[in-house]
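The block underneath contains the structure these notes are about, expressed in structure tokens.
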Amino acid sequence: MKFIYIIVLIFFTQSVKAQETLSSIIKENTQTFILDNNEFTGKGWNEILGVIKAHNNILIGEDHFFNEIPLFISKINNEVKFDNFFCEIDPYTATILETKINKSSTSDLNTFTSSFSNTFSFFALEPEFNLLKKLVQANTKIIGTDQISLLSDRLIISELKERSNNKTAKSIYSEIEKKSAIHFDQIINGKKPYFLTNEFTKQLYILDSLVLSSYEQTVLKNLKLSQNIYSNGNHHLRVQLMKHNLMENYKLIPNSKNLYKYGAGHLPKGESLLKIQDIGNLVNNITDSQFESSLHIMIIGKSGIQGVPIKGMENQKLNPNSKDLKHYKVYFDTMDKNKWYVFNNKEILKKITSNKIKIEDKTLERVIKGYDYFIIIPKVTPAKFIN
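Under our numbering, the letters of the sequence shown match residues 1020 to 1406, in that order.
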């Protein structure tokens, strides 16, 4: 009789186990936290803060242009000191902004941002720029790894004009500055950025023929490379450049506390959401070679309004059923409160594997396998520009 009871118990346990679904597994591995009076509290916040403190390489893959994500990172920075901040802008813009923030008076910095903030890429947005200032003022090194943005040519060229000793080059740089500003003001009316015009290309080749400093030559080479990436839509080349620029700073990574902030497509530890081995995979392997593990966190909004990359464009309303967000329906369906949700993907993946659950949606599979934690903000608000 006892033997029969044990057999029945084993059968019952296996039946319950077999009935587990992806939805139920996700619910079992979820915490929440709230944002109240500009502060985060709750079990989910404590869990995220704890794992961040326990890792040296923290990668935050985000959806861009919200107020909430730079605030989230700023609050983390209140508790955690980062040595290096790797971000999705080019190395020259990163250095220029770090230098200006470090060495300018408040008045001079305001004058600078008034003139050039629309060339700062993501950091043209007020909450992003404020986060950058906070990191710089905490002596965190800013490291840009991206190509030169098609909106940043005027800033880069302005610096080259200040550095150059070649009168002909200075004249060409001044002309580029003027033309770039004129084109920028007309982008929202359908005019292409000056960066992508034939005229700009011709000016780059004329500059190539002049006697210039090695620094100027390097920047001009990267301007042409960046123009190639945009003109040909060459995503692989862009990712190659990002990985190259990161490896140029490899010596800074070991024995440091490093924060990486990029679009969510770039930072899974395996295959990226765009089906390529990206920054997340590279950092994961670097960290693994140091007998450590990197921490990968994805953070997006479920509903609300998303900001835009260029001032004057119309903000976008988030739709959880859109082509970008529909992959995460199984997560959204577990959210029944107006709280931030933290999903422990490492535990979710273990359960999925042990239950032999097949995930049909490949993007969802890459997120579960590539990110240790997935944070969803119930309602987001659009980030505003500095000026």
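We treat Cβ as the ideally placed atom computed from N, Cα and C, and that holds for glycine.
Roughly how many angstroms separate the alpha carbons of residue i and residue j, rounded to a whole number?
{"i": "Phe1135", "j": "Leu1174", "result": "7 Å"}
{"i": "Asn1241", "j": "Leu1223", "result": "11 Å"}
{"i": "Arg1385", "j": "Lys1189", "result": "48 Å"}
{"i": "Lys1377", "j": "Trp1064", "result": "30 Å"}
{"i": "Val1099", "j": "Phe1105", "result": "16 Å"}
{"i": "Ile1298", "j": "Asn1056", "result": "35 Å"}
{"i": "Met1354", "j": "Asn1253", "result": "38 Å"}
{"i": "Leu1226", "j": "Lys1243", "result": "11 Å"}
{"i": "Thr1382", "j": "Leu1301", "result": "19 Å"}
{"i": "Leu1260", "j": "Met1266", "result": "10 Å"}
{"i": "Thr1049", "j": "Ser1171", "result": "41 Å"}
{"i": "Lys1210", "j": "Leu1116", "result": "27 Å"}
{"i": "Asn1121", "j": "Gln1156", "result": "7 Å"}
{"i": "His1315", "j": "Asn1184", "result": "45 Å"}
{"i": "Ile1167", "j": "Pro1397", "result": "33 Å"}
{"i": "Asp1165", "j": "Arg1182", "result": "22 Å"}
{"i": "Ala1037", "j": "His1346", "result": "Below a pLDDT of 50, predicted positions are generally treated as unreliable, and Ala1037, at 45, falls in that range; the measurement from the model is reported next regardless. If I take the Cα positions, the gap works out to 24 Å."}
{"i": "Ser1245", "j": "Lys1356", "result": "44 Å"}
{"i": "Trp1359", "j": "Ile1395", "result": "6 Å"}
{"i": "Thr1118", "j": "Leu1041", "result": "48 Å"}
{"i": "Ile1025", "j": "Lys1370", "result": "In this predicted model, Ile1025 has a pLDDT of only 47, less than 50, meaning its place in the structure is not dependable; the value taken from the coordinates is given anyway. So the alpha carbons of these two residues sit roughly 24 Å apart."}
{"i": "Leu1344", "j": "Ile1318", "result": "12 Å"}
{"i": "Lys1262", "j": "Thr1237", "result": "17 Å"}
{"i": "Val1349", "j": "Glu1290", "result": "21 Å"}
{"i": "Asn1303", "j": "Gln1296", "result": "11 Å"}
What did DSSP end up calling residue i once you bin it into helix, strand or coil?
{"i": "Phe1084", "result": "coil"}
{"i": "Asn1406", "result": "coil"}
{"i": "Tyr1024", "result": "Any reading at Tyr1024 must be qualified, since the residue scores a pLDDT of 47, below 50, and its modelled position is unreliable; no value is offered."}
{"i": "Asp1391", "result": "coil"}
{"i": "Asn1338", "result": "coil"}
{"i": "Phe1362", "result": "strand"}
{"i": "Ile1371", "result": "helix"}
{"i": "Val1399", "result": "strand"}
{"i": "Lys1381", "result": "helix"}
{"i": "Leu1239", "result": "helix"}
{"i": "Lys1330", "result": "strand"}
{"i": "Ser1039", "result": "For clarity, residue 1039 is Glu in the given sequence; the question names Ser instead. Reduced to three states, the DSSP call for Glu1039 is coil."}
{"i": "Ser1250", "result": "helix"}
{"i": "Phe1031", "result": "Since pLDDT at Phe1031 reaches only 42, below the 50 mark, its modelled position is unreliable, and the value read off the structure follows with that caveat. The answer is helix: DSSP assigns Phe1031 an H, G or I state."}
{"i": "Leu1229", "result": "coil"}
{"i": "Leu963", "result": "Lying outside 1020 to 1406, the shown extent of the chain, residue 963 is not represented and no answer is given."}
{"i": "Ile1376", "result": "coil"}
{"i": "Gln1222", "result": "helix"}
{"i": "Lys1348", "result": "helix"}
{"i": "Thr1138", "result": "helix"}
{"i": "Thr1132", "result": "helix"}
{"i": "Asn1357", "result": "coil"}
Leaving out the 5 sequence neighbours to the left and right, which residues in its chain are closer than 7 Å to residue i when beta-carbon positions are compared?
{"i": "Ala1143", "result": "Ser1136, Asn1137, Phe1404 and Ile1405"}
{"i": "Ile1367", "result": "Ile1044, Ile1045, Asn1048 and Ile1387"}
Do residue j and residue i come within 8 Å of each other at the CB atom, strictly closer than that value?
{"i": "Thr1400", "j": "Glu1058", "result": "no"}
{"i": "Phe1362", "j": "Ile1079", "result": "no"}
{"i": "Leu1150", "j": "Pro1110", "result": "no"}
{"i": "Leu1278", "j": "Lys1160", "result": "no"}
{"i": "Ile1071", "j": "Gly1061", "result": "no"}
{"i": "Ile1067", "j": "Ala1113", "result": "no"}
{"i": "Leu1179", "j": "Glu1235", "result": "yes"}
{"i": "Leu1169", "j": "Phe1139", "result": "no"}
{"i": "Tyr1390", "j": "Pro1287", "result": "yes"}
{"i": "Lys1280", "j": "Phe1101", "result": "no"}
{"i": "Ser1124", "j": "Phe1131", "result": "no"}
{"i": "Glu1081", "j": "Gly1282", "result": "yes"}
{"i": "Ile1207", "j": "Met1332", "result": "yes"}
Which same chain residues, not among the five before or five after residue i, have their C-beta less than 8 Å away from its C-beta?
{"i": "Pro1273", "result": "Gln1309"}
{"i": "Glu1311", "result": "His1074, Asn1075 and Asn1076"}
{"i": "Tyr1269", "result": "Ile1305"}
{"i": "Leu1231", "result": "Ser1183, Asn1185, Ala1188 and Leu1239"}
Spatial neighbours of residue i within its chain, please: CB distance less than 6 Å, with the 5 preceding and 5 following residues excluded, ordered by chain position.
{"i": "Pro1339", "result": "Lys1321 and Phe1351"}
{"i": "Glu1039", "result": "Asn1374"}
{"i": "Leu1154", "result": "Phe1104"}
{"i": "Phe1084", "result": "Gln1325, Gly1326 and Ala1402"}
{"i": "Ile1176", "result": "Tyr1192, Ile1195 and Glu1196"}
{"i": "Ser1250", "result": "none"}
{"i": "Phe1148", "result": "Phe1142 and Ile1405"}
{"i": "Leu1256", "result": "Ile1248"}
{"i": "Phe1219", "result": "Tyr1213"}
{"i": "Lys1198", "result": "Tyr1213"}
Complete beta strand (DSSP E) runs within the region 1262 to 1327 (minimum length 3 residues, chain order): 1277 to 1282 and 1314 to 1325
At 3 residues or longer, what runs of the beta strand (DSSP E) sit wholly inside the region 1145 to 1199? 1160 to 1163
At 3 residues or longer, and completely inside the region 1045 to 1130: list those beta strand (DSSP E) runs for me, N to C. 1049 to 1055, 1058 to 1060, 1076 to 1081 and 1103 to 1106
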